[in-house]
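Quick note on the working numbering: the sequence shown kicks off at 796 and runs consecutively.
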Amino acid sequence: MENKQDASKPLMSIGWIIATDERDKAVLSTYRQAHHYLQQTLEGQFPQFQWEMPFICDRRHTQYGALEPLPLLEFGVQEKLSHHWDYALVLVSNELVPRYRPTTFGVPSSALEVAIMSSARLDPQQQSEQLAALALHMFGHVWGLEHADSGPMAVPEEAASLCITPFSPEQQVEIVDRLEEVADARLEEQSHRLGHFAFYWRTFWADPRGIVEDVWGYAPWKMPLHMERLTAAAAVSILVLLLAAEAWEVGVNVSTINLLLGVGVATIGATLFLFFGQHLGDIARHVGWREQLVRTRIVVFSTLLFGMGALWGMLFLISFITTLYIPQFVLSGWVDVPIDTFTLLRYAAFLATVGVIAGALGGNLEEEDQIKATLFYDEET
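Here it is, written out as structure tokens:
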């Protein structure tokens, strides 16, 4: 669909990529019709932007067998960055392999600014409209919206519930705010004048609110619940140290200043260990510096950092409550300092700090794709 260029409107580009070897003309026509519906809907709801939606057939996957969403997300990032799009949508005719649900229509990722969709479970007679409606739901998540009872953000439990509806006025305001931030000039054209740290600094301050919203949307406080090996390693370590006299002797004698310093160093160090150990920043590395790529790394690192902070808080609370049940006469035989509430709080902080370090070691035993899915998936729709 050709559009006249309007230099007065900010340009928003969404790449629409067919990633399966689909050669049926009727199916491709349906995909193009869905592409047209989506562009028409966005132009109607957000006329203050100029919408550009390239349609590309890549044919990298056969039509047979279920596909993992994560490699498709990473492929979408690669295409988005290489073509300088703002967003990318990867469409396949295959089933998608779910991690958290029995089945899934697609996976949006606000961190990567990419969405994956499958047409496998859609009604062939209504497929073009259902695909466009599903795309609106996907990009609603990418743009920071939460689920609603009606409209594009209603949870599509079945294909029949997918129909093209407008975003509510409140949702439109949120989307416009996000798109205006995205439409600002990218920083990569200045990168030759910026050092490595300066480029990251400028990228963060180009859209600080959007980055904070993305991190908040990933609910990092829930991360310990999704990373079983990390949490198990941390929990085992504090259970052992709770009943070790030598650990009590060390923990209660650590100064408050050193303890606070240790909390910060352990949390940041554990985050760095996981971030680089699990290659979480290695997305489309060979495309050079891009603000979008750097922004994604900032979001992922920040989410992981707050997740490790949440792990520390959880371990601290568990440790403190558990110490209250250890008899005083037992503790008096282990340590030569008075046992009061402040002493127990300090020891709980010591245990939580050691637990975070153990958790980072256990986290590197996690399947790399599991950690990436935890950090990159907004949901399985």
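Backbone N, C-alpha and C define an ideal beta-carbon position, used for all residues, glycine too.
Alpha helix (DSSP H) runs wholly inside the segment 962-1041, at least 4 long, in chain order | 964-978, 991-1001, 1003-1012, 1018-1021, 1023-1037
Environment of F1181 [buried if 16+ CB atoms lie within 10 Å] = Because the chain is modelled from 796 through 1176, residue 1181 falls outside the range shown and cannot be assessed.
Pull up the DSSP beta-bridge partners for L1056, would you.
-> Beta-bridge pairing links L1056 to no other residue.
Does the distance from the C-beta atom of L1088 to that of V1151 stay below 8 Å?
-> no
Nearest neighbour of R1024, chosen from G1157, T815, L865 [CA to CA] = G1157
Below 8 Å on the Cβ atoms is my guess for Y832 versus E941; work out the distance and round it to an integer in Å.
-> In fact, because the Cβ distance is near 24 Å, the residues do not count as touching under 8 Å.
S877 in three-state terms, based on DSSP = The DSSP-derived three-state label of S877 is helix.
Let me know the alpha helix (DSSP H) ranges lying completely inside the segment 867-946, each 4 residues or longer, listed in chain order.
-> Scanning the segment 867-946 for uninterrupted alpha helix (DSSP H) segments of 4 residues or longer gives 922-937, listed from N- to C-terminal end.
Buried or exposed by the 16-neighbour rule on C-beta atoms within 10 Å, applied to P903 = buried
Inter-residue Cα distance where the pair is I1093 and L957 = If you draw a straight line from the Cα of I1093 to the Cα of L957, it comes to about 34 Å.
Report the rounded CA-to-CA distance for V892 versus E1163, giving the unit in angstroms.
-> 16 Å
Keeping to the same chain, check which residues put their C-beta closer than 7 Å to that of H936; ignore five residues upstream and five downstream.
-> P903, S905, D1173, E1174
Near Q1165, what residues of its chain come up, given a Cβ to Cβ distance below 7 Å and the 5 sequence neighbours on each side ignored?
-> none
Whose CA, out of L929, K804, G939, lies closest to the CA of E969?
-> G939
Mapping DSSP to helix, strand and coil, what is A814?
-> strand
From the DSSP output, which residues share a beta bridge with F850?
-> W811
Answer yes or no: do K1167 and L865 have a C-beta to C-beta separation smaller than 8 Å?
-> yes
When the Cα atoms are used, what is the spatial distance from D1077 to I1121?
-> 46 Å
Nearest to P849 by alpha carbon, out of H879, Q922, V950, Q843?
-> Of the listed residues, the one whose Cα sits closest to P849 is H879.
Less than 8 Å between the CB atoms is what I'm expecting for T1091 and L907, so what's the real figure, rounded?
-> 6 Å
Assign T1051 to one of two classes, buried (16 or more other C-beta atoms within 10 Å of its C-beta) or exposed (fewer than that).
-> T1051 should be labelled exposed.
Hey, how far is the Cα of I1181 from the Cα of Q1123?
-> In the structure displayed, the chain extends from 796 to 1176; residue 1181 sits before or after that span and is not available.
On the DSSP bridge assignment, give the partners of L1139 in chain order.
-> DSSP output for L1139 lists no bridge partner at all.
In this structure, does DSSP put L1075 in helix, strand or coil?
-> coil
Have a look at the DSSP bridge pairing and note the partners of L862.
-> L891
Count the other C-beta atoms from every protein chain shown that fall within 10 angstroms of the C-beta of I813, then say buried if there are 16 or more, exposed otherwise.
-> Buried, because 16 or more other Cβ atoms sit within 10 Å of the Cβ of I813.
Could you check what DSSP says for L837 in three-state terms: helix, strand or coil?
-> helix
Going by the CB atoms, is the gap between P1019 and M1109 shorter than 8 Å?
-> yes
Local conformation of N1159 per DSSP, three classes | coil
Mind checking who H856 pairs with in its DSSP beta bridge?
-> Looking at the DSSP output, H856 sits in a beta bridge with T815.
Measure the Cβ-Cβ separation of P961 and Q840 and say whether it is below 8 Å.
-> yes
Looking only at its own chain, which residues have a Cβ that is under 6 Å from the Cβ of L867, when we skip the five neighbours before and after it?
-> V885, I911
Could you have a look at E797 and say whether DSSP puts it in helix, strand or coil?
-> Here E797 scores only 45 on pLDDT, less than 50, and its place in the model is too uncertain to base an answer on.
Check whether the Cβ atoms of W846 and Q828 sit closer than 8 Å, and answer yes or no.
-> Cβ distance not < 8 Å, so W846 and Q828 don't count as in contact.
Distance, Cα to Cα, A1001 vs Q843?
-> 21 Å
Straight-line gap, S803 to M1103 (C-alpha atoms, nearest Å) = 45 Å
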